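According to the numbering used here, the sequence shown is numbered sequentially starting from 92.
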Amino acid sequence: MEAIIYFDIMTNDGYEIGVVATAMLSGKRIEATFHHDIEDDRECLVSNIQFFNDEGEQFSGSEKLKEIVFEHIDDNDMKIYKDAEKGSDVIYIDDFKSDHNLIDLL
């Protein structure tokens with residue numbers, strides 16, 4: 092299943108970076124039974140990332156900014172899967188507060 096994930100990154104110096112990421116969700120989770128352990132082979136593979144500044148203009152981000160996006164999506168993968176299981180292919184996750192200034196992420 093393909094999902095579009097939205098969230099904002101707030102920089103240390105007060106700027107807001109809008110993030111739109113396209114991800115492919117695959118795998119499944121099988122609950123444990125008396126004879127079987129939990130199986131969880133779910134993956135959330137990000138294939139495309141778009142960044143937007145405060146004025147809505149698109150820009151390309153640094154490798155550090157992309158790394159932050161991958162980590163934030165990985166940290167929120169359970170919420171992403173729960174929303175996807177409800178049939179939603181547009182998913183909003185919590186915003187991220189960065190310790191970096193805007194200039195460090197461009």
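We put the CB at the ideal spot given by N, CA and C, even for glycine.
Computed from a predicted model, the values in this text were never measured in an experiment.
Distance between residue j and residue i (C-alpha atoms, nearest Å)
i      : j      : result
GLY109 : PHE142 : 6 Å
ASP225 : LYS177 : With the chain covering 92 to 197 only, the question about residue 225 has no answer from this structure.
ALA94  : GLY105 : 29 Å
LYS157 : ALA175 : 23 Å
SER189 : GLY118 : 30 Å
PHE187 : MET92  : 25 Å
ILE140 : PHE98  : 11 Å
GLY152 : ASP128 : 41 Å
GLN149 : LEU196 : 14 Å
ASN167 : LYS173 : 10 Å
SER179 : ASN103 : 32 Å
Closest by C-alpha distance to residue i, when choosing among the options
i      : options                           : result
ASP185 : LEU193, MET169 and ILE194         : MET169
LEU193 : HIS163, GLU107, ASP128 and ASP174 : GLU107
ALA112 : ARG133, GLU162 and PHE125         : GLU162
ASP165 : ASN139, GLU134 and ASP128         : GLU134
Burial state of residue i, where buried means 16 or more other Cβ atoms lie within 10 Å
i      : result
LEU265 : Shown here, the chain extends from 92 to 197; a query on residue 265 therefore has no answer.
GLU125 : The identity of residue 125 in the sequence shown is Phe, whereas the question assumes Glu. So PHE125 ends up on the exposed side.
VAL160 : buried
Where are the beta strand (DSSP E) runs, 3 residues long or more, that stay fully inside the segment 137-191, in chain order? Runs of the beta strand (DSSP E) inside the segment 137-191: 181-183.
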